[in-house]
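Asker: Take a look at the following structure, please.
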Amino acid sequence: MKFADFKYGLSEFWSEFKKERSGLVGLAILILSILVVIFEPLILPWKEANTKWRSIDYWQDNSAGAPPAWTNFFSKQKAAITVRLENPKDEVIEMDGGIKLATYTFDYDYTADKAPLDVIFHMIGHGDFPVQVAVERPDGQIIELAQRFEQGLSGQDIRISLDNDGRESVFTFIKSHESEEALKEYSSKSLRTCNIVFNQTREGMATEFKSLKGNYKFIVRALLLVPGYSEVEDPYTVVTGSVSGLLGTDDSKRDIFSGLVAGLKWALIIGLLTSAISVLIGVMYGIVSAYFGGAVDSVMQFIYQIVNSVPILPVLIVVSAIFKPSIYMLITAMVLFFWTGSVMTVRSMALQIKEETYIEAAKALGAKHSRIIFKHMVPLLIPYSFASMALSVPSAIVYESSVSLLGLGDATIVTWGQILHDAMQGAAILKGIWWWVLPPGLLIAIMGMTFAFLGFSMDKILHPKLKTR
Amino acid sequence: MYKWFAVKRMLKGIFTYVIIIFIMSVLFNTVNEQTMRSSIEEQVRAETMRLKNMQPSALQRFQEQRRQELIRLYRLDRPLMERILFRTWNTITFNFGKSTIIKSSRGDREVLAIVGEAIPRSLVLFTVAMAIEIVVGIILGLKKAQKPGGSLDRSTSLITMIVYGMPTFWLAMILIMFFVYQLRIFPSGGMHTVPPPQGIMYYIDFLWHMTLPLLTLLLIGFWGIAFVVRNIVLSILQEDYIMAARARGIPENKVLFGHTLRTAAPPLITMSVLSLLASIGGAIIFEGIFSWPGLGNLYWIAVQQNDIPVLMGDLAITVGLYQVGLILLDLTYGFMDPRIKVGGKA
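Sequences listed follow chains A and B, in order. So for the first sequence, our numbering puts the first residue at 1; every next one is plus one. So for the second sequence, our numbering puts the first residue at 1001; every next one is plus one.
See below:
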């Protein structure tokens, strides 16, 4: 087949394909998801979701099981949304003896009705220095929240969580507002720091929360005692709200939207790789079987029948349970069973083509078998295989997610099936954490639908018999 | 001769089964032997515990002797090929041995008993689902074929494609979330309330537990069947004898159900059995979501408990059922469509 022929065939196919509305929808979704995969680094809210999906440290500042941020829209009491405050105003004042006072001020506009769960300060520290955290509230009051003395650091991450480290100072703060009697009922342990920090100062503030909206300034001060030795780098603050991100978090505090975006490319890789390889093998197998006929055909048909009479998923489950394969091994295992899908159709078509006169002519001219197969048979049959390629993508994705659902997936990657497995383990169904269960499966279903749209449309064009008359 | 065709097909099925089991025995040989050795150790330890008043040296000798005996019993001292063949033979004769952890409902540790009691539970669920699916699918498919390209045809075809790649287990999760924990009208899983009620209530209780799994299977299942029925029926409706029947003034319903469906029966049966087989091969693990104690749920438990003998037995039985299904398919096919010549010498 020459390139011009190919181009002509393609343009003819496209003019037919244009009329299939569902096919166009499928194509659009496919292109969209490929774009998402390409621009993944820009889209991912949590940049290292791919590599650190199972790291506990990476997700520790989120709240567990938080609903999506947009659920605020439907609730009367707006909850604070998890945000990360970066690029603080920094000031370094040099004092006597070379001691430096580094001050970082984070601005936080607080507009919600519920207090955040925690405010967490992070920085990378070198050497020895005391750190101090204070907040300036919209009503002008300043609360000194926490103090710490760091020693002998060499680039470790310092984490100051107000919920843990600020309770004592908050308890001191409410002493000036609450009566003696009311105070007896509270201790520094029973108070939530954020419920006080974001509360209106008044009597009874320990029991009831009334949000004080406005601009909060979190001030982090580090006294760098030894110049050149003590240093602070990359300070940032996370305000942990009770709602978070586009699709909330799971109960190990992971951002589900990041997981889904990271899983998209794996779904595509699994689906496309499995179906492409297996359909190509199937087409070649069918052609060779039909072309040589006789004993070769019998043996090949026998092997085909044996492979075809193995239930795929149970075998995949047992193989993954025993060998704990990587994702590429799993794809290989799926290919070993999937190739049978297109053999019979291709074989019957190849049997027809084989009898054509031009094949006979080629044989008479002394063409080799390989030449006849690759020059005269494969190009005719490959287009037909595209439809079955598209139609076998969904089952590959579903099989992988079924294996992952049992907890047998490749632990080095994130797939949608694994997220569903975690949801099952975390009893998300029982707890009603729908944002953990609904989106991954919906995406699997949408992927399946996309390729079904493509496959059925191509099928209609390539097999005109199925057209609605 | 139909009889010879049947015998030949069955023999071929058995032969295929043997080959598959043999390949699996080769593939899983190492892990099988590991579990066998550890179960031998366990048995020896259990037997030593029972012994009293024995010198340490005599005890050690006894242990060594028992170990050797058991190893010989399970033929672990034989050459590799013989071990594999021995295991293949054991699997074919349903001699799966004992499970490591899982017990059957009677407290049995025989793998055959564990898997055996799961088979009817899976079959009842999937065959009932399939029966309903076929009825609904055929009716819908006929309706679609009557007006191809009509609004009903187009909308249902769209739904067919939408549910094409939808995982059954996910739909199950969503339905449980909605019906069990929101509306609270169905039980969350299992086959019976514990303890099961007596008399007629026992069956009502059973049906009540089965409704949601059935609903899940149905919601995904019948669209595909309707789509295939439509395609088959559509091509039959173009035939001359249908036109002739209509010209003779035979009522439309009779044309549809009498003439068309009779011709369409063989491919429809193929498709139904194939979809049942597909659920054995694919949707079976959705049982785990409903803790429906069938073959699929057994995979979940065996994987979680790392019970290799049960896993192997379950796989062997599933493969076997799949074979039986394929054989039945071919047999009914030859039976339903007399135009297909069977039996070699025609």
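Note that beta-carbon positions come from the ideal geometry of N, C-alpha and C, so glycine has one too.
In three-state DSSP terms, what is Leu466 of chain A?
Answerer: For Leu466 of chain A, the predicted model reports a pLDDT of 45, less than 50, meaning its position is unreliable and no value from the coordinates is stated.
Asker: Counting only the same chain and skipping the five closest in sequence on each side, list residues whose C-beta sits under 6 Å from that of Glu16 of chain A.
Answerer: Hits under 6 Å: Ile461.
Asker: Can a CB atom of chain A be found closer than 8 Å to the CB of Thr1016 of chain B?
Answerer: So yes, Thr1016 of chain B belongs to the interface.
Asker: When we look at the beta-carbon of Arg254 of chain A and count the other beta-carbons within 10 Å, is it buried (16 or more) or exposed?
Answerer: Its Cβ being crowded by 16 or more others within 10 Å, Arg254 of chain A is buried.
Asker: With the cut-off set at 8 Å, would you say Val393 of chain A and Gly259 of chain A are in Cβ contact?
Answerer: Result no, Cβ atoms of Val393 of chain A and Gly259 of chain A do not sit closer than 8 Å.
Asker: For Gly125 of chain A, does the three-state DSSP call read helix, strand or coil?
Answerer: Strand, per DSSP.
Asker: If we call anything under 8 Å between Cβ atoms a contact, is Ser211 of chain A one with Ala115 of chain A?
Answerer: Yes, the Cβ-Cβ distance between Ser211 of chain A and Ala115 of chain A is below 8 Å.
Asker: For Trp339 of chain A, does the count of other Cβ atoms within 10 angstroms reach 16, so buried, or fall short, so exposed?
Answerer: Buried is the call here.
Asker: Find the residues of chain A that neighbour Trp1223 of chain B, judging by a C-beta separation of less than 8 Å, and give them in chain order.
Answerer: What Trp1223 of chain B touches in chain A: nothing, since even the nearest Cβ is about 11 Å away.
Asker: Locate the alpha helix (DSSP H) running through Asp1205 of chain B, then write down its first and last residues.
Answerer: Run containing Asp1205 of chain B: Ile1200 to Leu1237, per the alpha helix (DSSP H) assignment.
Asker: Pairing CB atoms from the segment 83 to 91 of chain A with CB atoms from the segment 451 to 458 of chain A, are three or more of them under 8 Å?
Answerer: No: fewer than three Cβ pairs fall under 8 Å.
Asker: Can you tell me whether Met449 of chain A is buried or exposed? The criterion is at least 16 other CB atoms within 10 Å of its CB, across all chains shown.
Answerer: The residue in question, Met449 of chain A, is buried, as its Cβ has 16 or more Cβ neighbours within 10 Å.
Asker: Going by CA-CA distance only, name the one from B:Tyr1333, B:Arg1075, B:Ala1113 and B:Met1130 that's closest to Trp1223 of chain B.
Answerer: The residue with the shortest Cα to Cα distance from Trp1223 of chain B is B:Met1130.
Asker: Counting pairs of beta carbons, one from the segment 144 to 163 of chain A and one from the segment 183 to 190 of chain A, are three or more of them closer than 8 Å?
Answerer: No, because fewer than three Cβ pairs between the segment 144 to 163 of chain A and the segment 183 to 190 of chain A fall closer than 8 Å, the two stretches do not touch.
Asker: Cβ of Ser401 of chain A less than 8 Å from any chain B Cβ?
Answerer: Yes, its Cβ sits closer than 8 Å to a Cβ of chain B.
Asker: Which partner residues of Asn199 of chain A appear in the DSSP bridge assignment?
Answerer: In the DSSP output, where bridge partners are listed per residue, Asn199 of chain A has A:Ser211.
Asker: According to DSSP, which residues form a beta bridge with Val133 of chain A?
Answerer: The partner list for Val133 of chain A (beta bridge, DSSP) reads A:Ala146 and A:Val220.
Asker: In chain A, which residues lie with their C-beta within 8 Å of the C-beta of Val1303 of chain B?
Answerer: What Val1303 of chain B touches in chain A: Ile317, Ala321, Leu406, Gly407 and Leu408.
Asker: Are the CB atoms of Glu233 of chain A and Ile124 of chain A nearer to each other than 8 Å?
Answerer: Against a cut-off of 8 Å, the Cβ pair of Ile124 of chain A and Glu233 of chain A comes out as a contact.
Asker: Name, please, each residue of chain A whose Cβ falls closer than 7 Å to the Cβ of Leu1326 of chain B.
Answerer: Near Leu1326 of chain B (Cβ distances below 7 Å), the residues of chain A are Ser309.
Asker: Can you list, in chain order, the residues of the segment 423 to 438 of chain A whose Cβ is nearer than 8 Å to any Cβ on chain B?
Answerer: So the close ones are Ala423, Met424, Ile429, Leu430, Gly432, Trp434, Val437 and Leu438.
Asker: Buried or exposed for Ser370 of chain A, going by 16 or more other Cβ atoms inside 10 Å?
Answerer: Exposed is the call here.
Asker: Which complete alpha helix (DSSP H) runs does the segment 1104 to 1174 of chain B hold, if anything under 4 residues is left out?
Answerer: DSSP runs (the alpha helix (DSSP H)) wholly in the segment 1104 to 1174 of chain B: 1111 to 1146 and 1151 to 1162.
Asker: So, does the segment 287 to 296 of chain A touch the segment 434 to 446 of chain A, judging by three or more C-beta pairs under 8 Å?
Answerer: Flag = no, the segment 287 to 296 of chain A and the segment 434 to 446 of chain A do not touch.
Asker: Compare the C-beta of Gly1344 of chain B with all C-beta atoms of chain A and state if any pair is closer than 8 Å.
Answerer: Residue placement at Gly1344 of chain B is poorly supported in this model, since its pLDDT is 43, which falls under 50; the coordinates are not used for a value here.
Asker: Please name the residue, chosen from A:Thr105, A:Asp109, A:Tyr384 and A:Val318, that lies closest to Val1031 of chain B on a Cα-to-Cα basis.
Answerer: When only C-alpha atoms are compared, the closest one is A:Val318.
Asker: Taking C-alpha atoms, which residue in A:Tyr216, A:Arg137, A:Phe257 and A:Ile143 lies nearest to Val533 of chain A?
Answerer: What is shown of chain A runs 1 to 469, which leaves residue 533 of chain A out entirely.
Asker: Please return the same chain residues whose Cβ sits closer than 6 Å to the Cβ of Pro1187 of chain B, not counting the five positions on each side in sequence.
Answerer: For Pro1187 of chain B, where only same-chain residues beyond five positions count, the Cβ hits under 6 Å are His1209.
Asker: Counting only the same chain and skipping the five closest in sequence on each side, list residues whose C-beta sits under 7 Å from that of Met389 of chain A.
Answerer: Ser275, Ala276 and Val279.
Asker: Can you find a CB in chain B that lies within less than 8 Å of the CB of Met458 of chain A?
Answerer: For Met458 of chain A, the answer is no, since every Cβ of chain B falls outside 8 Å of its Cβ.
Asker: Anyone know if the C-beta pair for Pro45 of chain A and Gly245 of chain A falls short of 8 Å?
Answerer: Contact: yes.
Asker: Within 10 angstroms of the Cβ of Arg469 of chain A, are there 16 or more other Cβ atoms? Answer buried if so, exposed if not.
Answerer: Confidence in Arg469 of chain A is poor, its pLDDT being 36 and thus under 50, which makes the residue's placement unreliable; the coordinate value appears in the next sentence. By the 10 Å Cβ count, Arg469 of chain A comes out exposed.
Asker: Using DSSP bridges, identify the partner residues of Gln483 of chain A.
Answerer: Nothing can be reported for residue 483 of chain A: it is not among the residues displayed for chain A, which extend from 1 to 469.
Asker: Within the continuous alpha helix (DSSP H) that includes Glu1287 of chain B, where are the two ends?
Answerer: Element bounds for Glu1287 of chain B: Phe1286 to Ile1289.
Asker: With respect to the beta strand (DSSP E) encompassing Phe374 of chain A, which residues constitute its N-terminal and C-terminal limits?
Answerer: Here Phe374 of chain A belongs to no beta strand (DSSP E), and DSSP marks it neither H nor E.
Asker: Leaving out the 5 sequence neighbours to the left and right, which residues in its chain are closer than 7 Å to Ile174 of chain A when beta-carbon positions are compared?
Answerer: Once the five neighbours on either side are set aside, the close Cβ partners of Ile174 of chain A are Ile196, Met205 and Ala206.
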